[in-house]
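1380 is the number of the first residue of the sequence shown in the working numbering; add one for each residue after it.
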Amino acid sequence: MSITVGEVRVSPDLSSATAYVLPLGGGDADLLLDALRRNRGEIRHHIAKALQIKHVPDLKFAVDDTFDRMDATRRMFADERVRRDLDTEGDEEE
């Protein structure tokens, strides 16, 4: 299964990191999260080796909802009432 990592947020003290992921091509997100969580130790090992760091943050995984939020925002701006309000506000500024 191929994945997309949209974002990784690291805590201020660098003790934990949350990777926001999606299955590439729209696969089962729950299966993806289960697989990542099962292999968390191996993933941390590869990160430590690649970055040559002593302490790797504890890894957490969550579904990336960025695309869903973008779609919701697009739908909101496409709504006729919102478009009318935006057009009205633009007229008032002139």
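Where a beta carbon is used, it is the ideal one built from N, C-alpha and C, also for glycine.
Within the same chain, show all residues whose beta-carbon is closer than 6 angstroms to that of L1401, passing over the 5 residues directly before and after it, in chain order. Here the question's residue 1401 lines up with position 22 in the sequence shown. Here the set comprises T1383 and D1443.
Please classify F1440 as buried or exposed, where buried requires at least 16 neighbouring CB atoms within 10 angstroms. Locating residue 1440 in the sequence shown gives position 61, counting from the first residue. Buried.
Out of L1403, P1436 and T1467, which has the shortest C-alpha to C-alpha gap to T1388? Here residue 1388 refers to the residue found at position 9 when the sequence shown is read from its first residue. Checking the sequence shown, residue 1388 turns out to be Arg, not Thr. Here the closest residue by C-alpha is P1436.
What do you get for L1411, buried or exposed, if any count of 16 or more other CB atoms within 10 angstroms of its CB means buried? The residue you call residue 1411 lines up with position 32 of the sequence shown. Looking at its Cβ environment, which holds 16 or more other Cβ atoms inside 10 Å, L1411 is buried.
Residues bridged to D1437 (per DSSP): Here residue 1437 refers to the residue found at position 58 of the sequence shown. DSSP lists S1395 as partners of D1437.
Per DSSP, the bridge partner or partners of E1386: The count along the sequence shown starts at 1 and reaches residue 1386 at position 7. Answer is Y1399, bridged to E1386.
Which same chain residues, not among the five before or five after V1461, have their C-beta less than 8 angstroms away from its C-beta? Working through the sequence shown from its first residue, we reach residue 1461 at position 82. Closer than 8 angstroms at the Cβ level, and outside the excluded window around V1461, lie M1455.
Give me the DSSP bridge partner(s) of V1442. What you label residue 1442 is simply residue 63 of the sequence shown in a count that begins at 1. Residue pairing by DSSP places V1442 opposite V1400 in a beta bridge.
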